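**Student:** Just so you know, the sequences run in chain order A and B.
Numbering-wise, this note's numbering puts 1544 at position 347 of the first sequence, and it's gapless, one number per residue.
Numbering-wise, this note's numbering puts 777 at position 319 of the second sequence, and it's gapless, one number per residue.
The beta carbon of each residue, even a glycine, is placed where N, CA and C say it ideally should be.
Computed from a prediction, not measured in an experiment: that's the story for all the values here.
Quick one: this structure, given as structure tokens, is what I'll be asking you about.
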Amino acid sequence: MIGISLQIILDVSVLALRALLPIYALVIVYQCFASARRHRRPEKPLVTLEIKETGQKIPVLFWENSIGRSKGSDIRVSDISVSRDHCVLLRRKEGWFVSDIGSKFGTFVNGEETEGRTKVVIDDEITVGHTTLVLKRGEEFQEKLRPSWFFSKASDKGSLKPYKLMILITFFHFFMAVEACFSNEIKDYTPLLIFGAMELVMWLFFCISSYALNRVNFELEALACFLSGMGVMLLVRQELRSAIVQLIAMALGMIVFAIIVKFIENPDRVDSWRLWIMIAAVGLLAVNIIFGRVQNGAANWINIGGISVQPSEFVKIAFIFVGAAALDKLQTKRNFIEFIIFSAVCVGALALMGDFGTALIFFATFLLIALMRSGDFKTIILALVAAAFAVFIVLSIKPYVADRFSAWGHVWQHTQDSGGYQQVRVMTYMASGGLIGVGVGNGFLKYVFASESDLVFGLVSEEMGVIVAFAIAAAIVALAFYARAITTRSRSTFYAISACCAAGLMVIQSALNIFGITDILPLTGVTLPFLSAGGSSMISCWGLLAFIKAADERTYAAKRRAPANALRRRGAVE
Amino acid sequence: MKRIMTRSLIVWFVSLAFLAGIIFLGVRLVVHNAEWVQQPYNGHIASSGGLAKAGKIYDRNQVTLAYNENDKRLYHPDQSTRESLLHVVGDNTLNISTAIQSMYRTNLTGYSFILGLGLPESLRGNSDVTLTLDSDACRAAYNALGGRKGACVVYNYKTGEVLCDTSTPSYDPSNPPEITEGNEKDYDGVYLDNVVSSTFTPGSVFKIITSAAAVESIPDIYSQTFTCNGSLDVEGNAITCEYAHGTQTFSEAFANSCNCAFGEIAMQVGSEKMKATAEKLGFNNNSLKMSGIPIAESHYDATGVGENYLAWSGIGQHEDLANPMLMAMICSAVANGGTASSPYIVEDDGKLLDKLGIAINKANNVDMVSADTAARLHELMRGSANSYANRGVSLAGLNFCAKTGTAEVGEGKEPTAWFVGFIEDEAHPYAFAATVVEGGYGIEAATPVVSAAISELVN
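Right, here's the structure in full:
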């Protein structure tokens, strides 16, 4: 009798934990999002341009500003002798520069015609056409600026401190580990061991980020830690070895993240590396095509010393690098054409490998980048037509390719063959999990092939419940909204484009993944960012996250130190 | 920069499209979750066709009809009881889609959308299902059917509880046959519960519906007389009776089950009014249910096919098709003063409801005819029952009102035998319907089936 009641107490506590986690997950995602909305530099002009002839003052709001006659220019000059896109006024660490972008009559600084980027200082005169603009300090312009819906007002209550956010996330992973310890089949304490190692990595990352690299905020990294950690904990009861690999990949991902953030601190550095990045990426794909081994119909793996690597994952990062550029480089035709050719090579190579899912991700991301760069729907339509044509050719040469997607829409008639085997199991086990899940390690989807990678959304739904699964989807959307919101303050179009497109890529990939395995879209076998098992995928996701991080102007801002605080306090007394 | 910012809104659209997809997935999940869970490969409920951890099924006297032992699904120890309840209880497969083990599988397995299937065993509540059936009555009716294809239903017309629901052909759920090309004839329609899922040519039992139409639309029906000389010629085609009934009143014609008289009555009523009355009585209606189990649509329509067919349709021939459960419901309406009580087979003990938040479909009662018409039909059926009683039909010695039917189904085939009606007894308010395919005369083939069931229920 005592034994039975003890069992019931244990069961009730485990059940309570399970019911708690979905709410907890929602709180964490909300808190990460809320923290992202915090801190915002008061929006005042950086400098002012004064039109010498009329004395009119124009505020310069951005780090990169286009000057020209066209409507969309940041600084619009109504002068027929000024080209539609005349020149770019941009700010770098070293100061302000003017760069002519192929104007008809040239750009002059203090009467001398410019060539390439030319430094300008306060009171310098920039002449475009018949108009002369004088660079003045920002304070000389007073105007109220429009508020943003995304960023909270300064008066709003502050959100959680980064370390508190990390504590929240640590407890979430801890509860997952506890659940895994009491799983139906195996009962031991290895989940706690993995949990310990993982938290060590995460807190180390946190400390290095805040104290060694002096990064002010941490909410993006926190969100990524939350998702990656969840993936690791889900793997513990599935295959311990994969969990360890995943953990190592997470640590590597964090390093890659830090390196990329540092590397693109200067957006112009990327430009000089651009060619090499392209060559490296194409080389990687070429190696993949030659040495790749076929796995599940796609030859997108290569084996290096016993470790399987998926090169296409790393090419994603290169793709964003090549696609984005600073405003004055963006305007040159050469830059754009290079990007189009590079995209065509990437998509073509992936299709050749049979990895249609990744090819589709690249193509969709290409459309995003092309649209952001040119704003030209003609280019998009042209690209779509070309793609449709390519699909038509592939299908007429290799008609069996279509068979892989033939079960789409009626998977319930294919419960026992490869057409629908995975999808129907995802749906069945999603429903079996209910809202709160059956508990970490208690699922049955884990016995289905690729459950830890492609089907991980189903695994989360089954073991942790639909609410947690949907919270993950919400987190990815939050990431995209955040990326878009920070572009308004980012220091270069390079950051704006790379952040938006990196986030867009993750959303597109998540859509292909989640809707593919639930038969809303054809199953293409792509991973879910951060959660799916797979080292390459994990590292690449952290790499993509770096672009979003870099776009936030707070990232490279010096951390306010004690003296600054002291100063402020003194100011208050006075 | 401004331009890039405007264009970056595309990221919002992509995200919103993604969110819309997630919401769509959520809706799909809410709508289909029970279906998705009930798959034979589902590891949470696998083995014994997903019933390894399912609850027990009881009849109204707490007799266990299905239970588990060592993860195996077992059924009632007596073979004829098992076979008589096959279509209600179901077997380990989902072949009999109207069976409780199919319809209520999610309830039996303790599944709920909120908790999923992950509830620890110690916390699993009672996921047993209690039926309103009396297993002895079902077995008696099954034995009385004696291997012929047919169905028998008895239900309480005051409360709606279904007491007997048996369908043949059947098989033993503990030892399901392998149906091959060689033996599929023996198992024709074996997965259908003929009580709810099948329709048959009604023959003379349809005269109840024709009478209802006559009472409501022919004001002088009781002052008319009908002369039967054994045959009625309509547009060159003869409707016949077994012998000439002579001159009869309306009530006498009903008691005699005179085809000639009822053919003429149907023509007097007219095809539109016949159809309207039949539809009020539940024909051409596919929304009737018994505890959420759909009742097959009965068919009546003689509009636009000429007088001859109209006359035939009035005596339950032509293209008329009636479902046994509906016929019992019509009898229930007659007994209840015009309102048929809605039948249900799952005991609504409230536990199931609270625990799973799923309302058991206990549909509203169905108003079929006016109280006045019901009283007239009651009288007519009492009259015909008296003649059956005189010919030796006894339903546990209780007073009853009824109508037999002998429906011709074509050359070379024995007619379908019917017996429908209700008991006039406060303690035993039962409405019943029995059908025996190729049974011959209703009074000979179908009455013993009902009699066997009622005797078990009364004793």
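List the residues of chain B that A/Met1569 touches, going by C-beta distances under 8 angstroms, in chain order.
**Tutor:** Here the question's residue 1569 of chain A lines up with position 372 in the first sequence. The contacting residues are Ile462, Arg465, Ser466, Ile468.
**Student:** Spell out whether any CB of chain B is found under 9 angstroms from the CB atom of A/Thr1685.
**Tutor:** Walking along the first sequence from the start, residue 1685 of chain A turns up at place 488. Yes, its Cβ sits closer than 9 angstroms to a Cβ of chain B.
**Student:** Is the beta carbon of A/Val1542 less than 9 angstroms from the beta carbon of A/Val1479?
**Tutor:** Stepping through the first sequence from its first residue, residue 1542 of chain A is reached at position 345. Stepping through the first sequence from its first residue, residue 1479 of chain A is reached at position 282. Closer than 9 angstroms, so yes.
**Student:** Look at the alpha carbon of A/Val1442 and the alpha carbon of A/Gly1662, and state the distance between them as a whole number of angstroms.
**Tutor:** Translated into the one-based positions of the first sequence, residue 1442 of chain A becomes position 245. Translated into the one-based positions of the first sequence, residue 1662 of chain A becomes position 465. Distance between the alpha carbons of A/Val1442 and A/Gly1662 is about 25 angstroms.
**Student:** For a contact meaning CB atoms closer than 7 angstroms, what does B/Met918 contact in chain A?
**Tutor:** Because chain B in this structure spans residues 459 to 917, residue 918 of chain B falls outside the shown range and cannot be described.
**Student:** Please classify A/Cys1422: does DSSP put it in a helix, a strand, or coil?
**Tutor:** For the purposes of this step, residue 1422 of chain A is taken as residue 225 along the first sequence, with counting starting at 1. A/Cys1422: helix per DSSP, three-state reduction.
**Student:** Among A/Ala1483, A/Tyr1753, A/Ser1278, A/Ala1521, which residue has its Cα nearest to the Cα of A/Ile1537?
**Tutor:** Numbered from its first residue, the first sequence carries residue 1537 of chain A at position 340. Comparing Cα positions, the closest option is A/Ala1521.
**Student:** Kindly indicate which three-state DSSP category B/His410 falls into: helix, strand or coil?
**Tutor:** Because residue 410 of chain B is not part of the residues shown, which for chain B are 459 to 917, the question remains open.
**Student:** Using the DSSP secondary-structure output, state which residues sit across from B/Phe880 in a beta bridge.
**Tutor:** Residue numbering aside, residue 880 of chain B sits at position 422 when the second sequence is read from its first letter. B/Cys859, B/Ala889, per the DSSP bridge assignment.
**Student:** Take A/Val1317 as the anchor and find which of A/Asp1385, A/Phe1294, A/Arg1289 has the nearest alpha-carbon.
**Tutor:** Locating residue 1317 of chain A in the first sequence gives position 120, counting from the first residue. Measuring from the Cα of A/Val1317, the nearest candidate turns out to be A/Phe1294.
**Student:** Tell me whether B/Ile751 is buried or exposed, calling it buried when 16 or more other Cβ atoms sit within 10 Å of its Cβ.
**Tutor:** Within the second sequence, the letter at position 293 stands for residue 751 of chain B. With 16 or more other Cβ atoms within 10 Å, it is buried.
**Student:** Find the nearest neighbour of A/Ala1515 within the set A/Asp1552, A/Lys1526, A/Lys1530, A/Phe1563, judged by alpha-carbon distance.
**Tutor:** The residue given as residue 1515 of chain A occupies position 318 in the first sequence. Checked all of A/Asp1552, A/Lys1526, A/Lys1530, A/Phe1563; the closest Cα to A/Ala1515 is A/Phe1563.
**Student:** Against chain A, with Cβ distances strictly below 9 angstroms, would B/Trp494 count as a contact?
**Tutor:** Counted from its first residue, the second sequence places residue 494 of chain B at position 36. For B/Trp494, the answer is yes, since a Cβ of chain A falls inside 9 angstroms of its Cβ.
**Student:** From this set, A/Asn1532, A/Ile1717, A/Ser1509, which residue's C-alpha is nearest A/Leu1549's C-alpha?
**Tutor:** Start at 1 with the first residue of the first sequence, and residue 1549 of chain A comes out as number 352. Of A/Asn1532, A/Ile1717, A/Ser1509, the residue nearest in Cα terms is A/Ser1509.
**Student:** Which full runs of the alpha helix (DSSP H) of 4+ residues lie inside the stretch 1653-1679 of chain A, going along the chain?
**Tutor:** The qualifying runs are 1653-1661.
**Student:** At a Cβ threshold of 9 angstroms, is B/Phe476 touching chain A?
**Tutor:** In the second sequence, residue 476 of chain B corresponds to position 18, counting from 1. For B/Phe476, the answer is yes, since a Cβ of chain A falls inside 9 angstroms of its Cβ.
**Student:** So what does A/Ile1323 bridge to, in DSSP terms?
**Tutor:** Position 126 of the first sequence holds residue 1323 of chain A. Looking at the DSSP assignment, A/Ile1323 forms a beta bridge with A/Val1306, A/Leu1330.
**Student:** Whose CA, out of A/Leu1420, A/Gln1619, A/Asp1276, lies closest to the CA of A/Ala1670?
**Tutor:** Start at 1 with the first residue of the first sequence, and residue 1670 of chain A comes out as number 473. With distances taken between Cα atoms, A/Ala1670 lies closest to A/Leu1420.
**Student:** Considering A/Gln1443, what are the terminal residues of the alpha helix (DSSP H) in which it resides?
**Tutor:** Sequence index remark: in the first sequence, residue 1443 of chain A carries index 246 (1-based). Residues 1437-1460.
**Student:** For the alpha helix (DSSP H) that contains A/Arg1288, what are its first and last residues?
**Tutor:** Here residue 1288 of chain A refers to the residue found at position 91 when the first sequence is read from its first residue. Premise fails: A/Arg1288 lies in the beta strand (DSSP E), 1284-1289, not in any alpha helix (DSSP H).
**Student:** Just the chain A side, please: which residues come within less than 9 angstroms of B/Gly484 by C-beta, in chain order?
**Tutor:** As a working mapping, residue 484 of chain B is identified with position 26 in the second sequence. By Cβ distance, chain A contributes Val1663, Phe1667.
**Student:** Take every Cβ of the stretch 591-609 of chain B, pair it with every Cβ of the stretch 618-632 of chain B, and state whether three or more of those distances are shorter than 8 angstroms.
**Tutor:** With the cut-off at 8 angstroms, the stretch 591-609 of chain B and the stretch 618-632 of chain B touch.
**Student:** Are the CB atoms of B/Leu835 and B/Val827 within a distance shorter than 9 angstroms?
**Tutor:** Numbered from 1 along the second sequence, position 369 holds the residue referred to as residue 827 of chain B. Numbered from 1 along the second sequence, position 377 holds the residue referred to as residue 835 of chain B. In contact: B/Val827 and B/Leu835 (Cβ atoms closer than 9 angstroms).
**Student:** Residues of chain B with CB closer than 7 angstroms to the CB of A/Met1624, please, in chain order.
**Tutor:** Here the question's residue 1624 of chain A lines up with position 427 in the first sequence. Under the 7 angstroms cutoff, chain B gives Trp494.
**Student:** My guess is that B/Tyr802 and B/Met748 are in contact by the Cβ rule of under 8 angstroms, so how many angstroms apart are they, rounded?
**Tutor:** Along the second sequence, read from residue 1 onward, the residue named residue 802 of chain B stands at position 344. Along the second sequence, read from residue 1 onward, the residue named residue 748 of chain B stands at position 290. That belief holds up - the Cβ atoms of B/Tyr802 and B/Met748 are roughly 6 angstroms apart, short of 8 angstroms.
**Student:** Any C-beta of chain B sitting closer than 9 angstroms to the C-beta of A/Ala1213?
**Tutor:** As a position in the first sequence, residue 1213 of chain A is number 16, starting the count at 1. Not closer than 9 angstroms to any Cβ of chain B, the Cβ of A/Ala1213 fails to qualify, so no.
**Student:** Take every Cβ of the stretch 541-561 of chain B, pair it with every Cβ of the stretch 485-493 of chain B, and state whether three or more of those distances are shorter than 8 angstroms.
**Tutor:** No, the stretch 541-561 of chain B is not in contact with the stretch 485-493 of chain B.
**Student:** Please identify, using Cβ separations under 7 angstroms, the residues of the stretch 640-662 of chain B that lie next to chain A, in order along the chain.
**Tutor:** The stretch 640-662 of chain B vs chain A, Cβ under 7 angstroms: nothing.
**Student:** I want to know whether the stretch 717-732 of chain B touches the stretch 659-671 of chain B - three or more CB-CB distances under 8 angstroms.
**Tutor:** Cβ pair count under 8 angstroms is three or more, so yes.
**Student:** Quick one: complete alpha helix (DSSP H) runs, 4+ long, within the stretch 737-784 of chain B?
**Tutor:** The stretch 737-784 of chain B contains these whole alpha helix (DSSP H) runs: 765-772.
**Student:** Taking only the alpha-carbon atoms, compute the straight-line gap between B/Thr905 and B/Cys699 and give it to the nearest angstrom.
**Tutor:** As a first step, residue 905 of chain B is located in the second sequence; it is residue number 447 there, counting from the start. As a first step, residue 699 of chain B is located in the second sequence; it is residue number 241 there, counting from the start. Cα to Cα, B/Thr905 sits roughly 21 angstroms from B/Cys699.
**Student:** State buried or exposed for B/Leu814, treating a residue as buried only when at least 16 other CB atoms are found within 10 Å of its CB.
**Tutor:** Position 356 of the second sequence, counted from the first residue, corresponds to residue 814 of chain B. For B/Leu814, the predicted structure reports a pLDDT of 44, less than 50, and the residue's modelled location is therefore unreliable. The matter cannot be settled from this model.
**Student:** List, in chain order, every chain B residue whose beta-carbon is nearer than 8 angstroms to that of A/Val1479.
**Tutor:** On the first sequence, residue 1479 of chain A is found 282 positions in, with the first residue counted as 1. Chain B residues near A/Val1479: none, gap ~27 angstroms exceeds 8 angstroms.
**Student:** Assign A/Gly1606 to buried or exposed, taking buried as 16 or more other Cβ atoms, counted over all protein chains shown, within 10 Å of its Cβ.
**Tutor:** If you number the first sequence from 1, residue 1606 of chain A lands on position 409. So A/Gly1606 counts as exposed.
**Student:** In this structure, what does DSSP give as the bridge partners for B/Glu527?
**Tutor:** Position 69 of the second sequence holds residue 527 of chain B. For B/Glu527, which the question treats as bridged, DSSP gives the partners B/Lys530.
**Student:** Can you check whether the CB of A/Leu1702 is closer than 9 angstroms to the CB of A/Ile1558?
**Tutor:** On the first sequence, position 361 is the one that residue 1558 of chain A refers to. On the first sequence, position 505 is the one that residue 1702 of chain A refers to. Cβ distance < 9 angstroms, so A/Ile1558 and A/Leu1702 count as in contact.
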